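Asker: If you read the protein sequences in the order shown, they are chains A and B. So in our numbering, the last spot in the first sequence is 223, and the numbers never skip. So in our numbering, the last spot in the second sequence is 794, and the numbers never skip. For glycine and all other residues, C-beta sits at the position ideal for the given N, C-alpha and C. Model, not experiment: these values are computed from the prediction.
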Amino acid sequence: MDAIASARDLVKSYGTGRAARRVLDGVSIDVGRGELVAVLGRSGSGKSTLLHLLGGLDRPDAGTIQVAGVRLEREGEAGLTALRRRHVGFVFQAFHLMPELTGIENVLLPARLAGDGTAAAARVHELIGLLELREAADRLPDALSGGEQQRIALARALVNDPSLVLADEPTGNLDAESAALVLRLLREVAGGERAVVLVTHDREAARHADRVLELREGKLAA
Amino acid sequence: MLGAAVTVSLSLATGFDRAANRAGLADVIARFDPVPLGEVEARTRALANLRAVSYRLELKGVNILAGAQFNGHAKLHGVPSGPRGYALVAGREPLAGADEVVIERGLAESWGLEIGETLEVDGWRILGAALRIVGVAVTPDSVAFPLTNGPRLYSSYDVVRRLAGVEPGTVNLALLWVHDRAQLDLTLAQARAASFGVRELEFVTRDGVRALINQAAGIVIALLVAFSLVALAAAGVMLAASSAAEVQRRLPAIGLLRTLGASPAAVAAGYAAEAALVAAPAALLGLGLGALVVARPTGRLLSALNELGPGPALLLPLAGCLLGTVGLVALAAGLPAWRAASRRPVETLAGGDVASAPRRLRLGAGPAGLGMRLALARPLRTAATIAVLAASASVVLLMLALATLLGRLESDPSTLGKRYSLTVAAPAREAAAIRRVAGVDDAAPRYELPAADSFALGEGFTVVAFNGDHTDYEAPPLASGRRIRGAGEAEVGLGLAQALNLRPGTMLAAQLPSGGETRFRVVGVVRALEAEGRIAYVQPSRLLEAEPGLQPSLAVLLDPGASRDAVAARLSTAGYFAERVGGVTAENSGFLDVLAALLLSLAGVVGLVCVYALVQMLALTAHERRRALAVIRALGASRVQVAAVLAGSGLLVAAIAAAAGIVLERFVVAPAAASLAASYVTLPLAAGPLHMLVVSLGLTVAALVAAAWAGRGAIRRPIVAGLREN
């Protein structure tokens, strides 16, 4: 398999002393190009931690990670920033939109951070149309429904055309109809050179994935 | 900052009275031509209000030499036993008849003289002698050497009389202490009436000395008060904002306490006590450091003014500041806690979003634009920060404008309305020859002499006379009335008009040094800065009638574009000694330098207040919006871009504050300071374009420094921690 992301023997612990807890205990994963991988697990099982490690938001206590040919443990903060900017898109459960920016401005934000705001304008409009966000584009987030906010967040994750999209419980705050739409869109996003890793506790949501892995007791199992 | 401001203001505000009380400064100092003691004693004994008197022999223009250091303007006082009028700060009094001397502190410090060393004295009609230094004194009736050109020395009367070679009992100076200072004018009038036969009689009153010395210090004190208020406002706003943010962060904990039965007052008291515990050592340290930092420059300034520092008396006000600061912090912490605890516990337990609902704004959507929107999401805090920065900027602008004005006063005669650049000590008949020198446009005799009001002898002023129209040479702006046209008319400075209640149509009766009186009808009031506005412009004929020996100097107008130095050199070649005209007398120039340096230092400290206010605001923004900053980092924002977000917030605030500060300074602060500093003249205290540029750039740099500082803290925080924040 041509993996866009692969991790080996990841270990990550939180807390100290008697409160210490190893949430990832030797996790290994490969995500192939065009693949939608779902990681199932109960709340607190370490799903988000795995996603943060794959996206270079956090560092493991042990193990190696490679994303788009970049060995994350060898990179400094600037290297990880560049990786996130070029190769990774995030979708969060709580959307994490900037409340001061309109929908379209939120979508454009990663492109602007990459110094690519003007060139990305055409792509943004394409995404707005594709995700049915024309009405939401000029509104502030507090005037949007949960489904609209999550689609804005998805458009934002895609604006720099990343090779890896990491979605952390993307349907956790949505009603069933909106959740179905978001999952369908994620399914469409995964393809060609791009892979999607979806972490969720919802088995129904995981059914859209090409592959489902379950995180239990710090171990990942198919 | 508060510690620094309190130390300087209190020291300057009370320095004169402290030194005057310790020295037992006389209520009146009378100078006159040397006379036998008996003659003057008979007159003073008749004064009804007199409590004590001390007679002295004062020698002026004494040469003093210590090592390689020389001064030819020293004043040596022969002091008999009795009240001294100066405060001994080291050593002892000279023994009667011994070749010993007490020197003023300014001389000891500037020449590095110590007790036990020897000072050589001599001069015209003065015998040479070597006097051993036995003490150091402060005399608050004038500023200190080297601000005055001649230092003061005190020896026993017998020694000074011997050096001067005059008859025993000869005196030329009397220090008078009165029972009732409110009756001083009457005493002076009585003294003047009884002074027949005593020539060149001049009075200087204690109140006059205080007014003169405090005039300049008053500006500094007013600025310091403004500075303290700005600092307190900055601290208050930032404390309130950070307390509110902290309470917001701990809402669930407050809700829990309320659920467990704590009353809102108990919750608020807990927060206030916690804040006070943190604030007390911090405030103690800050006040102590502030006081220590300015202690040395303030001491130098007090020395220059011949005043004494407050010493332990400073501790009480500083303790008051400590209590006030801790109280302010406790209040700032307790109030938002009380408000939060007063809500229903169920609401408080749920916590709350710290960011208010934003409005749509036409600003950029890049990092800097986002930062501006973050600032505007907190409109009250942003407005308060802008208010603090604008007030600080206006104070800094005022200080810069004042420092520039002081510099111009020192070197630019036009600030005093003088149009001539040189004076030549030569008789009036030489004017024609001087006009022929290349670069000279015109030359005219200028007469100047001291006078006192005939009805209020303590009110001294300067009379200046030109033939014809004096505005060709000196043209202070006319405040009311008209210019003089004849020999019996006078234009008076606003300072003199205020002191003597003069206005066009009233009469000015001038007592001249010879004892004669001349009267002028006041036809105009001018805004003259020279001599604190205690000046009268007249034509010379009446003065010459009363003072036939009055000698003028020649005021020299230059051709447009002519070099003052070149013309002075040509005049020198032609045999004339030309003196450059400054803005103020050379005696004051050093003092103005000290003041200007102090103002610039304070401007720098107020600049630090701006940086502090911006750092606080941006640190709070970064704390409150840590999740937003974590998100943009997750989206690929670099360290610089995170700092750019905060810089956007800071620059928006700085830009509005700079504009507001400029407007505030021009229309409120400068006019207020000008009227406070000198009601007798319109001081040009509006900041110039260069000052505005400096302050705007300073605020920009402050915003960038604050953004870098706050951004550094934000970047150190793990991204995932920010993402998990609710």
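Rounding to the nearest angstrom, what Cα-Cα distance links A/T172 and A/R124 in this structure?
Answerer: As a first step, residue 172 of chain A is located in the first sequence; it is residue number 171 there, counting from the start. As a first step, residue 124 of chain A is located in the first sequence; it is residue number 123 there, counting from the start. Going by the C-alpha atoms only, they are around 25 Å apart.
Asker: Can you list, in chain order, the residues of its chain with a C-beta nearer than 8 Å to that of B/G675? Leave out the 5 residues immediately preceding and following it.
Answerer: Stepping through the second sequence from its first residue, residue 675 of chain B is reached at position 607. Here the set comprises S460, V464, G766 and A770.
Asker: Comparing the C-beta of B/I783 with each C-beta of chain A, is any distance below 9 Å?
Answerer: In the second sequence, counting from the first residue as 1, residue 783 of chain B sits at position 715. Yes, B/I783 lies at the interface with chain A (some Cβ there is under 9 Å from its Cβ).
Asker: Measure from the alpha carbon of B/A681 to the alpha carbon of each residue in B/I171, B/Y222 and B/W777, then state which is nearest.
Answerer: For the purposes of this step, residue 681 of chain B is identified with residue 613 of the second sequence, where counting begins at 1. Among B/I171, B/Y222 and B/W777, the Cα nearest to that of B/A681 is on B/W777.
Asker: Is there a Cβ from chain A that is less than 9 Å from the Cβ of B/K734?
Answerer: In the second sequence, residue 734 of chain B corresponds to position 666, counting from 1. It should be noted that the sequence gives Arg, not Lys, for residue 734 of chain B. Chain A, which has no Cβ nearer than 9 Å to the Cβ of B/R734, makes this no.
Asker: On the three-pair Cβ rule with 8 Å, is the region 223-242 of chain B touching the region 138-152 of chain B?
Answerer: yes
Asker: If I follow the unbroken beta strand (DSSP E) through B/F84, where does it start and stop?
Answerer: Indexing the second sequence from 1 puts residue 84 of chain B at position 16. That residue, B/F84, is in no beta strand (DSSP E); its alpha helix (DSSP H) goes L70 to A91.
Asker: With 9 Å as the C-beta to C-beta threshold (strictly closer), list the residues of the region 106-140 of chain A near chain B in chain order.
Answerer: E106, N107, L109, L110, P111, R113, L114, A115, G118, D139 and R140
Asker: Taking buried to mean at least 16 other C-beta atoms within 10 Å of its own C-beta, is B/G71 buried or exposed?
Answerer: Residue numbering aside, residue 71 of chain B sits at position 3 when the second sequence is read from its first letter. Buried, because 16 or more other Cβ atoms sit within 10 Å of the Cβ of B/G71.
Asker: For B/Q709, which residues in chain A fall below 7 Å Cβ to Cβ?
Answerer: Taking the second sequence and counting its residues from 1, the one referred to as residue 709 of chain B is at position 641. L114, listed in chain order.
Asker: Using a Cβ distance threshold of 8 Å, determine whether the region 87-103 of chain B contacts the region 191-203 of chain B, with at least three qualifying pairs required.
Answerer: At 8 Å Cβ cutoff, the stretches do not touch.
Asker: Can at least three beta-carbon pairs, one atom from the region 697-709 of chain B and one from the region 78-96 of chain A, be found at a separation below 8 Å?
Answerer: Below 8 Å, enough C-beta pairs join the region 697-709 of chain B and the region 78-96 of chain A to call them touching: three or more.
Asker: Mind pulling the chain A residues with CB within less than 8 Å of B/L720?
Answerer: Counted from its first residue, the second sequence places residue 720 of chain B at position 652. What B/L720 touches in chain A: nothing, since even the nearest Cβ is about 13 Å away.
Asker: List the residues of chain B that A/L58 touches, going by C-beta distances under 9 Å, in chain order.
Answerer: Sequence index remark: in the first sequence, residue 58 of chain A carries index 57 (1-based). Correct list: A698, R701, A702, P786, I787, V788 and L791.
Asker: Using the Cα positions of B/L442 and A/R157, report the straight-line distance between them to the nearest angstrom.
Answerer: Working through the second sequence from its first residue, we reach residue 442 of chain B at position 374. Working through the first sequence from its first residue, we reach residue 157 of chain A at position 156. Computed Cα separation, rounded: 20 Å.
Asker: Using 9 Å as the threshold, is the C-beta distance between B/L175 and B/P219 below it?
Answerer: Locating residue 175 of chain B in the second sequence gives position 107, counting from the first residue. Locating residue 219 of chain B in the second sequence gives position 151, counting from the first residue. The Cβ-Cβ distance between B/L175 and B/P219 falls below 9 Å.
Asker: Do B/T768 and B/A740 have their CB atoms nearer than 9 Å?
Answerer: Reading the second sequence from its first residue, position 700 is the one you call residue 768 of chain B. Reading the second sequence from its first residue, position 672 is the one you call residue 740 of chain B. Cβ distance not < 9 Å, so B/T768 and B/A740 don't count as in contact.
Asker: Under a Cβ-count criterion, where at least 16 other Cβ atoms within 10 Å of its own Cβ denotes burial, should A/K48 be classed as buried or exposed?
Answerer: By one-based count along the first sequence, residue 48 of chain A stands at place 47. Classification of A/K48: buried, given that the 10 Å Cβ count is 16 or more.
Asker: Closest by CA to B/T207, which one among B/L667, B/E268 and B/S371?
Answerer: Here residue 207 of chain B corresponds to residue number 139 of the second sequence, with the count starting at 1. It is B/S371 whose Cα lies nearest to the Cα of B/T207.
Asker: Does the Cβ-Cβ distance between B/R326 and B/V315 come in under 9 Å?
Answerer: Taking the second sequence and counting its residues from 1, the one referred to as residue 326 of chain B is at position 258. Taking the second sequence and counting its residues from 1, the one referred to as residue 315 of chain B is at position 247. For B/R326 and B/V315, no; Cβs fall outside 9 Å.
Asker: Using the three-state DSSP reduction, which class does B/G756 fall into: helix, strand or coil?
Answerer: The residue labelled residue 756 of chain B in the question sits at position 688 within the second sequence. In the structure shown, B/G756 falls within a coil segment according to DSSP collapsed to helix, strand and coil.
Asker: Tell me the DSSP bridge mates of B/Y541?
Answerer: For this step, residue 541 of chain B is matched to residue 473 along the second sequence. B/Y541 pairs with nothing; no bridge assigned.
Asker: At what residues does the alpha helix (DSSP H) containing A/E189 begin and finish?
Answerer: For the purposes of this step, residue 189 of chain A is taken as the residue at position 188 of the first sequence. First-last of the alpha helix (DSSP H) with A/E189: A177 to V190.
Asker: Provide the residue span of the beta strand (DSSP E) that contains B/T491, from first to last.
Answerer: The count along the second sequence starts at 1 and reaches residue 491 of chain B at position 423. Unbroken beta strand (DSSP E) run through B/T491: L490 to V492.
Asker: Can you tell me where the beta strand (DSSP E) with B/A623 in it begins and where it stops?
Answerer: What you label residue 623 of chain B is simply residue 555 of the second sequence in a count that begins at 1. Membership of B/A623 in the beta strand (DSSP E) is indicated by the continuous run S621 to L626.
Asker: Kindly identify the DSSP beta-bridge partner or partners of B/S224.
Answerer: By one-based count along the second sequence, residue 224 of chain B stands at place 156. Partner(s): B/V147.
Asker: Counting only the same chain and skipping the five closest in sequence on each side, list residues whose C-beta sits under 8 Å from that of B/T584.
Answerer: As a first step, residue 584 of chain B must be located in the second sequence, where it is residue number 516. Position check: residue 584 of chain B holds Gly in this sequence, whereas Thr was assumed. Answer for B/G584: A614 and E615, listed in chain order.
Asker: Three-state secondary structure (DSSP) at B/L243?
Answerer: For the purposes of this step, residue 243 of chain B is identified with residue 175 of the second sequence, where counting begins at 1. Of the three classes helix, strand and coil, the one that applies to B/L243 here is strand, per DSSP.
Asker: Using the beta-carbon of each residue, which ones in chain B are nearer than 7 Å to A/H53?
Answerer: By 1-based counting over the first sequence, the position of residue 53 of chain A is 52. Those within 7 Å of A/H53 in chain B are V788.
Asker: Using 9 Å as the limit for Cβ to Cβ distance, is A/P171 near chain B?
Answerer: As a position in the first sequence, residue 171 of chain A is number 170, starting the count at 1. Output row for A/P171: interface = no.
Asker: Rounding to the nearest angstrom, what Cα-Cα distance links B/A782 and B/G395 in this structure?
Answerer: Translated into the one-based positions of the second sequence, residue 782 of chain B becomes position 714. Translated into the one-based positions of the second sequence, residue 395 of chain B becomes position 327. In a straight line, the C-alpha of B/A782 is about 31 Å away from that of B/G395.
Asker: Find out if the Cβ-Cβ distance for the pair A/V8, A/L37 is shorter than 9 Å.
Answerer: To locate residue 8 of chain A, count along the first sequence from 1; it is residue 7. To locate residue 37 of chain A, count along the first sequence from 1; it is residue 36. The identity of residue 8 of chain A in the sequence shown is Ala, whereas the question assumes Val. For A/A8 and A/L37, no; Cβs fall outside 9 Å.
Asker: State yes or no: is the beta carbon of A/D161 nearer than 9 Å to at least one beta carbon in chain B?
Answerer: Walking along the first sequence from the start, residue 161 of chain A turns up at place 160. A small fix is needed here, since residue 161 of chain A is Asn in this sequence, not Asp. Cβ-Cβ to chain B under 9 Å: yes for A/N161.
Asker: Within 10 angstroms of its Cβ, does B/N569 collect 16 or more other Cβ (buried), or is it exposed?
Answerer: Counted from its first residue, the second sequence places residue 569 of chain B at position 501. That one is exposed.
Asker: So for B/V773, helix, strand or coil by DSSP?
Answerer: Here residue 773 of chain B refers to the residue found at position 705 when the second sequence is read from its first residue. DSSP places B/V773 in helix when its eight states are reduced to three.
Asker: Short of 8 Å in beta carbon distance, which residues of its chain neighbour A/D117, apart from the five on each side in sequence? Order them along the chain.
Answerer: The sequence position of residue 117 of chain A within the first sequence is 116, counting from 1. So the list reads N161, once near-sequence residues are dropped.
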